[in-house]
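Just below is one structure, and these are the notes that go with it.
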Amino acid sequence: MSFFKNIFKQKEAPITSYETFWDWFRQHENTFYKVVKEQGNIEKVFFDKLSVKLKELKDGYFYLTGMLNDETVELVFTADGAIENIVFVEELVSSAPKIDNWVFTALKPALSIDNVSIKMNNYMFTKNNINFYAEENENFPDEININIVHDDLDEANREAIVHGSYIFLDNFLGELNFATTIDNISFVDKNKASADLIPIEKLKDFLIWRQKEFVEKYDSSNRNTQEDNYSLLEGTLVNGNKLLAAINTGLLKWDSKASHPWIATIEIKYNGLSTNGMPDNKTSVLLNGIEDEILNDLEDIKGYLNIGRQTSEGVREIHFACKDFRLPSKTFHKIKQKYSSQSPISYRIYKDKYWRSFNQFIN
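If you use the UniProt record's numbering, the sequence shown corresponds to residues 1 to 363, in order.
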């Protein structure tokens, strides 16, 4: 009888939404709770099953778990620092139902400096051996550039010290702040530091102060691009293929670039082998339709400025400068899901306060 039960056992419904994920989780939460509380084989009993279901929902979810207190399990979902995935982690947790004895956390939280002590490759990373100082650039005054000074750093161990310091900062600042507040991080030997060293425990306060300054300066900065003119640029590559670009060069001269610090670029590939790298008519219709869909979502009035597009070598790139990274992440993911069967699609989102990625179109 059990043989036939196994044959005809109903398969679990596929995970297609946050709701179906949490429905599945509730069905198994007692088993998951028990293995964490009893410190059993968490990898096999919990994580192996969890990873499969999260992957059905979307790539890019990571997680860790432990006892928050004697009776409560905390499950932390993390994007592992990937800007494009942060919004999906936040949405997953915000949609979580209330389950007794469980706490769900979006992104690794910030820890007290006294609770951050890491040992890696025989090196320690604590408040006692890490300092910092800020480096200002008068040409880019709104950038937050931090130099990290670890007492043991030298050229021989640089890779190990850099890796350990990144983990330390991720834990100390919290995943979201570490991923979004600092523009550039450099690592400096203690004897080569060019300014007075500041204890690392003061870094949080420093970043809060700089962010407050930034918000006060740019919070009301908006740009209406409807009247902007796009420059049409045409070139020929070394291999003889064409390059075409339509760029809002007026926007690139704007003096408030830093108000839209996130660059979002989507790449759509097509077959241009027989057309000098350019799309044929049918493909052009597809590409233009995709671009129109994106523009309908990412409006300038909402803080998403279309810098332009570039087409060459079988790739259409569409560029935006954005006040925030969350909506572009969702829009690009939606486009990828909808059209990837017709054209390979990828995207990236990163911070570039002064839009230096597009200097070639100015010069």
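Glycine included, every Cβ here is placed at the ideal spot set by N, Cα and C.
Residues bridged to residue i by DSSP?
{"i": "Ala321", "result": "Ile263, Leu305"}
{"i": "Met120", "result": "Tyr123"}
{"i": "Ile146", "result": "Ala134, Ile185"}
{"i": "Ile268", "result": "Arg316, Ile345"}
{"i": "Tyr350", "result": "Ile263"}
{"i": "Met278", "result": "Beta-bridge pairing links Met278 to no other residue."}
{"i": "Ser231", "result": "Ile247"}
{"i": "Tyr63", "result": "Phe77"}
{"i": "Ile200", "result": "Beta-bridge pairing links Ile200 to no other residue."}
{"i": "Val103", "result": "Glu74"}
{"i": "Lys242", "result": "Thr236"}
On the premise that residue j lies in contact with residue i, defined as a C-beta separation below 8 angstroms, what is that separation, rounded to the nearest angstrom?
{"i": "Lys237", "j": "Leu243", "result": "The amino acid occupying residue 237 in the given sequence is Leu; Lys does not appear at that position. With 8 angstroms as the limit, Leu237 and Leu243 qualify as a contact, their Cβ atoms being about 6 angstroms apart."}
{"i": "Ala185", "j": "Lys127", "result": "A quick correction: the sequence has Ile, not Ala, at residue 185. The pair is not a contact, with the Cβ atoms about 17 angstroms apart (cut-off 8 angstroms)."}
{"i": "Glu291", "j": "Tyr347", "result": "Actually they do not touch by this definition, with Cβ atoms about 13 angstroms apart."}
{"i": "Val73", "j": "Tyr33", "result": "6 angstroms"}
{"i": "Ile362", "j": "Ile307", "result": "Between Ile307 and Ile362 the Cβ distance is about 11 angstroms, and since that is not below 8 angstroms, they are no contact."}
{"i": "Val89", "j": "Ala79", "result": "5 angstroms"}
{"i": "Leu286", "j": "Gln342", "result": "7 angstroms"}
{"i": "Ile83", "j": "Ile349", "result": "5 angstroms"}
{"i": "Ile144", "j": "Phe132", "result": "Ile144 to Phe132, Cβ: 11 angstroms. No contact."}
{"i": "Leu153", "j": "Asp183", "result": "About 21 angstroms; that fails the 8 angstroms criterion."}
{"i": "Glu175", "j": "Gly303", "result": "About 23 angstroms separates the two Cβ atoms, so there is no contact after all."}
{"i": "Trp262", "j": "Lys351", "result": "6 angstroms"}
Who are the Cβ neighbours of residue i in its own chain at under 6 angstroms, not counting the five residues just before and after it?
{"i": "Gln310", "result": "Ala245, Glu317"}
{"i": "Glu234", "result": "Leu244"}
{"i": "Lys336", "result": "Ile345"}
{"i": "Asp170", "result": "Phe178"}
Output the distance between the C-alpha atoms of residue i and residue j, rounded to the nearest integer angstrom.
{"i": "Glu227", "j": "Asp114", "result": "54 angstroms"}
{"i": "Asn296", "j": "Leu327", "result": "12 angstroms"}
{"i": "residue 399", "j": "Glu43", "result": "Limits of the chain in this structure are 1 at one end and 363 at the other, which puts residue 399 out of reach."}
{"i": "Val116", "j": "Phe172", "result": "6 angstroms"}
{"i": "Glu159", "j": "Asn281", "result": "50 angstroms"}
{"i": "residue 367", "j": "Leu75", "result": "Residue 367 lies beyond the residue range present for the chain, which begins at 1 and ends at 363; the question has no answer from this structure."}
{"i": "Pro14", "j": "Trp24", "result": "9 angstroms"}
{"i": "Leu57", "j": "Ser17", "result": "6 angstroms"}
{"i": "Val136", "j": "Ala179", "result": "At residue 136 the sequence reads Glu, which differs from the Val that was named. Near 20 angstroms, if we compare the C-alpha coordinates of Ala179 and Glu136."}
{"i": "Ile7", "j": "His28", "result": "Summary for Ile7: the model assigns pLDDT 44, below 50, so the residue's position carries little reliability, and this model does not support an answer."}
{"i": "Ala264", "j": "Ile86", "result": "14 angstroms"}
{"i": "Val35", "j": "Lys55", "result": "22 angstroms"}
{"i": "Ser259", "j": "Lys353", "result": "8 angstroms"}
{"i": "Asn224", "j": "Phe214", "result": "21 angstroms"}
{"i": "Phe47", "j": "Pro141", "result": "45 angstroms"}
{"i": "Lys9", "j": "Thr105", "result": "Caution is warranted here: a pLDDT of 49 is assigned to Lys9, below 50, making its placement in the model unreliable, and no coordinate value can be reported."}
{"i": "Asn191", "j": "Glu138", "result": "25 angstroms"}
{"i": "Gly40", "j": "Asp59", "result": "27 angstroms"}
{"i": "Ser112", "j": "Asn229", "result": "50 angstroms"}
{"i": "His150", "j": "Asp196", "result": "14 angstroms"}
Leaving out five residues before and five after residue i in sequence, what residues of the same chain have Cβ atoms less than 7 angstroms from its Cβ?
{"i": "Thr31", "result": "Val45"}
{"i": "Gln360", "result": "none"}
{"i": "Ile198", "result": "Asn131, Phe132, Tyr133"}
Please return the same chain residues whose Cβ sits closer than 8 angstroms to the Cβ of residue i, not counting the five positions on each side in sequence.
{"i": "Ile167", "result": "Ile118, Met120, Phe125"}
{"i": "Phe358", "result": "Ile247, Leu252, Ile307, His319"}
{"i": "Ser165", "result": "Phe125, Ile130, Ile148, His150, Phe187"}
**OP:** May I ask you to verify whether the region 203 to 214 touches the region 268 to 279, counting CB pairs closer than 8 angstroms and requiring at least 3?
**Re:** no
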